[in-house]
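Chemist: Residue numbers (this note's numbering): 3 to 156.
Ideal Cβ placement from N, Cα and C applies to all residues, glycine included.
Structural data, given as structure tokens:
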């Protein structure tokens, strides 16, 4: 009896795109201090009494929206940071310099700074993307393939 694994094939381009989008969103979120959603200052009158359960004023609605957004932003930042922290030290430094800093650097600037060959840099970068995709659970499989696990052949 032999075990046979039927693993789906990963779509490299779409997985790379998904990881880059996640890292770009992280960069944008990390640059934001706090989103200021200001309440409207124009008075409005209504004949219906305010509900005890729902916020009735624009100030309350803005405060709730700010809190919800800030919680989602911090959760996303922590999600990406935890995945990046699973990488090796060199991989973390490369990801940080290439995707997570305020100023965007190009690949050739990074592999020159790290004294790496272009070929080794791109190999490492491809492995980092796979590691991040699996850590973040955003890997993309090729169309038509399903993950059927393992089967036992007799």
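Have a look at 26, 29, 134 and 120 and flag the residue whose alpha-carbon is nearest the alpha-carbon of residue 88.
Modeler: By one-based count along the chain shown, residue 88 stands at place 86. When each option's Cα is compared against that of residue 88, the closest is 134.
Chemist: Quick check: the Cα distance between residue 1 and residue 19, rounded to an integer number of angstroms?
Modeler: The requested residue 1 is not part of the displayed model; the chain covers only 3 to 156.
Chemist: Using the beta-carbon count (16 or more within 10 Å), is residue 145 buried or exposed?
Modeler: If you number the chain shown from 1, residue 145 lands on position 143. With fewer than 16 other Cβ atoms within 10 Å, it is exposed.
Chemist: At what residues does the beta strand (DSSP E) containing residue 136 begin and finish?
Modeler: For the purposes of this step, residue 136 is taken as residue 134 along the chain shown, with counting starting at 1. Looking at the DSSP string, residue 136 is not in any beta strand (DSSP E); the run it does join, the alpha helix (DSSP H), is 120 to 138.
Chemist: Go to residue 30, then tell me how far its alpha helix (DSSP H) extends in each direction, as first and last residue.
Modeler: In the chain shown, the residue the question calls residue 30 occupies position 28. Unbroken alpha helix (DSSP H) run through residue 30: 14 to 33.
Chemist: With C-beta atoms as the reference, is residue 9 less than 8 angstroms away from residue 85?
Modeler: As a first step, residue 9 must be located in the chain shown, where it is residue number 7. As a first step, residue 85 must be located in the chain shown, where it is residue number 83. Not closer than 8 angstroms, so no.
Chemist: Quick test of the definition: if touching needs 3 or more C-beta pairs under 8 angstroms, does the stretch 24 to 34 touch the stretch 74 to 82?
Modeler: Contact between the stretch 24 to 34 and the stretch 74 to 82 is present, because at least three Cβ pairs lie under 8 angstroms.
Chemist: Is residue 114 buried or exposed, if buried means 16 or more other CB atoms sit within 10 Å of its CB?
Modeler: In the chain shown, residue 114 corresponds to position 112, counting from 1. Exposed, since its Cβ has fewer than 16 Cβ neighbours within 10 Å.
Chemist: Looking at residue 143: is its Cβ nearer than 8 angstroms to the Cβ of residue 13?
Modeler: One-based indexing of the chain shown puts residue 143 at position 141. One-based indexing of the chain shown puts residue 13 at position 11. A contact, by the Cβ cut-off of 8 angstroms.
Chemist: Considering only the beta carbon of each residue, do residue 23 and residue 75 sit closer than 8 angstroms?
Modeler: Within the chain shown, numbered from 1, the residue matching residue 23 stands at position 21. Within the chain shown, numbered from 1, the residue matching residue 75 stands at position 73. Not closer than 8 angstroms, so no.
Chemist: Whole angstroms is fine: what's the gap from residue 67's alpha carbon to residue 32's?
Modeler: Within the chain shown, the letter at position 65 stands for residue 67. Within the chain shown, the letter at position 30 stands for residue 32. C-alpha separation (whole angstroms): 18 angstroms.
Chemist: Give the DSSP bridge partners of residue 143, in chain order.
Modeler: Taking the first residue of the chain shown as 1, we reach residue 143 at position 141. 12.
Chemist: For residue 140, tell me which candidate among 6, 7 and 21 has the shortest Cα-Cα distance.
Modeler: Your numbering for residue 140 matches position 138 in the chain shown. Looking at the Cα atoms, 21 is the closest of the given residues.
Chemist: State the Cα-Cα distance for the pair residue 119 and residue 59, rounded to the nearest angstrom.
Modeler: Taking the first residue of the chain shown as position 1, residue 119 is located at position 117. Taking the first residue of the chain shown as position 1, residue 59 is located at position 57. About 60 angstroms.
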